[in-house]
Amino acid sequence: MKDLAGKVAFITGGASGMGLAMAHSLSAAGMKVVIADIEQQALDAALKQFSDSNSEVIGICVDVTRREAMEQAAAETEAAFEKVHVVCNNAGVAVGGAMDTMTYKDWDWVMGVNLDGVVNGVQAFLPRIKAHGEGGYFVNTASMAGHIPVPSLGVYNTSKFAVVGMSEVMHMELAAHNIGVSVLCPGVVRTNIFASGRNRPDELTGAIDTAAALLQDEGGNEEQLAAMLASALDASAVGDMVLHAIQTDEFYIFTHPEFKDPVAVRAAEMSASFDRWRAYRETHNITQG
Ligand SMILES: NC(=O)c1ccc[n+]([C@@H]2O[C@H](COP(=O)([O-])OP(=O)(O)OC[C@H]3O[C@@H](n4cnc5c(N)ncnc54)[C@H](O)[C@@H]3O)[C@@H](O)[C@H]2O)c1
626 MKDLAGKVAF
636 ITGGASGMGL
646 AMAHSLSAAG
656 MKVVIADIEQ
666 QALDAALKQF
676 SDSNSEVIGI
686 CVDVTRREAM
696 EQAAAETEAA
706 FEKVHVVCNN
716 AGVAVGGAMD
726 TMTYKDWDWV
736 MGVNLDGVVN
746 GVQAFLPRIK
756 AHGEGGYFVN
766 TASMAGHIPV
776 PSLGVYNTSK
786 FAVVGMSEVM
796 HMELAAHNIG
806 VSVLCPGVVR
816 TNIFASGRNR
826 PDELTGAIDT
836 AAALLQDEGG
846 NEEQLAAMLA
856 SALDASAVGD
866 MVLHAIQTDE
876 FYIFTHPEFK
886 DPVAVRAAEM
896 SASFDRWRAY
906 RETHNITQG
């Protein structure tokens with residue numbers, strides 16, 4: 626999408642971190658922006674950042690896991706700005722811990738926000754974008770954890786692999802409707818993700834604070850992770866990369882080049898496994914199919 630000025634963007638998780646950075650980058654490109662977030666206080670603070678400028682930015686408090694609420698948010702966006710063109714399905718949360726320590730509450734919360742939230746964004750907005758016929762764009766926030774397994778991030782990994790797969794199919798299917806798609810796959814970015822437990826509903830909170838566990842190593846040490854976060858990529862750079870991806874129709878947004886090798890290693894391992902299974906079939910004379 627080259628011509629963004631005057632068009633409308635809806636950004637979930639837009640009150641903090643990368644979502645807020647996207648709001649700044651897209652607004653600076655002349656877009657009208659809806660910042661959608663579950664956290665009213667953060668939403669109010671985010672909107673203040675746009676109050677002095679000529680930008681047209683509004684906020685909608687919405688939980689992306691609620692289907693009807695997302696539908697309502699889409700209707701409110703159209704009521705305010707008439708149409709929607711760009712949807713950034715970005716809201717996300719994380720928990721830490723080995724798979725065998727995870728509870729259904731961990732699974733339901735993380736899959737609800739990270740995967741169902743993206744599904745709900747697509748269900749609510751895709752028909753509306755197709756209906757106005759002016760073209761559009763989806764940016765789904767996954768992660769490098771959508772390509773590489775990370776011990777102690779199994780639930781998060783699962784949600785992000787799903788977002789990558791979903792986005793790859795959307796990319797293939799929506800081109801015919803003049804709707805572009807990107808999947809954002811960052812490494813570590815300096816945001817509030819490590820405090821994502823702040824938005825965890827009581828009914829999905831268990832006895833162990835698995836969101837807080839993200840900030841600790843196995844010995845309960847927070848210092849190393851705090852240092853890593855301090856030197857991490859600034860969210861504003863990611864906001865600008867998202868803008869560039871929309872303008873240039875670039876599907877993958879790989880913000881951290883150091884992950885090229887680990888992705889190649891995984892691909893090479895799968896390729897080697899294909900060879901071993903070909904040999905197995907030959908040995909066992911499996912010729913059909
Ligand atoms: N920060 C990183 O290192 C990193 C790396 C890769 C991917 N990501 C992904 O980036 C996205 C943005 O996260 P961030 O790092 O900017 O974190 P962040 O915590 O700063 O921002 C996330 C935003 O999502 C909102 N949110 C949480 N639950 C919600 C819900 N149910 N409905 C609506 N909004 C909700 C939060 O209020 C917050 O404003 C997430 O999908 C995250 O998984 C982050």
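Every number in my numbering is 625 more than the matching position in the sequence shown, counting from 1.
Virtual Cβ for every residue (Gly too), placed ideally from N, Cα, C.
Kindly identify the DSSP beta-bridge partner or partners of F635.
V659, V712
Please go through the stretch 727-763 and give each complete beta strand (DSSP E) segment of 3 or more residues, from N-terminal end onward.
none
Which same chain residues, not among the five before or five after A671, have their C-beta less than 6 Å away from its C-beta?
A640, L645, I660
Quick check: is any heavy atom of ligand 1 less than 6 Å from the C-beta of N765?
no
Got a sec? Which residues, its chain only, sit under 6 Å from D741 by beta carbon, not counting five neighbours each side?
T690
With which residues is S807 paired in a DSSP beta bridge?
V764
Three-state secondary structure (DSSP) at G831?
coil
With a threshold of 6 Å, establish whether the CB of E828 neighbours any heavy atom of ligand 1.
no
Out of T873, R906, G864, Y877, which has the shortest C-alpha to C-alpha gap to L651?
G864
According to the Cβ coordinates, are T637 and N714 closer than 7 Å?
yes
Beta-carbon separation (whole angstroms), F763 vs V712, contact threshold 8 Å
5 Å
Cβ-based neighbour list, A667, same chain, cut-off 6 Å, excluding 5 preceding and 5 following
A640, S641
Measure the alpha-carbon distance for D677 versus A699 and round it to whole angstroms.
26 Å
Where does V682 sit, in a helix, a strand or coil, going by DSSP?
strand
With a 10 Å radius around its C-beta and 16 neighbouring C-beta atoms as the bar for buried, classify R825 as buried or exposed.
buried
Any non-hydrogen atom of ligand 1 within 6 Å of A863 CB
Residue identity differs from the one stated: residue 863 is Val in this sequence, not Ala. The answer is no for V863.
Pull up the DSSP beta-bridge partners for V814, would you.
L858
Assuming contact is defined by CB atoms lying nearer than 7 Å, are T921 and M643 in contact in what I supplied?
There is no way to answer for residue 921, as the model of the chain reaches only from 626 to 914.
Taking the Cβ atom as the reference point for each residue, do G771 and V789 lie within a distance shorter than 7 Å?
yes
Quick check: the Cα distance between W732 and G684, rounded to an integer number of angstroms?
28 Å
Using the Cβ count rule (16 or more neighbours within 10 Å means buried), how would you classify S792?
buried
Which residue wins for smallest C-alpha separation from N861, given the options G761, H649, V780?
According to the sequence shown, residue 861 is Ser rather than Asn. With distances taken between Cα atoms, S861 lies closest to H649.
For the alpha helix (DSSP H) that V789 lies in, which residues bound it at each end?
779-799
Going straight from the alpha carbon of R753 to that of A837, what length do you get?
38 Å
What's the C-alpha gap between E759 and M866?
23 Å
Could you compute how far the alpha carbon of R692 sits from the alpha carbon of A897?
42 Å
So, helix, strand or coil for I878, using DSSP?
strand
Which word fits N782, buried or exposed, when buried means at least 16 other C-beta atoms lie within 10 angstroms of its C-beta?
buried
Return helix, strand or coil for L672, following the three-state DSSP convention.
helix
How about V890: is its Cβ closer than 6 Å to a heavy atom in ligand 1?
no
Give the straight-line distance between the Cα atoms of V747 and L799, rounded to the nearest whole angstrom.
11 Å
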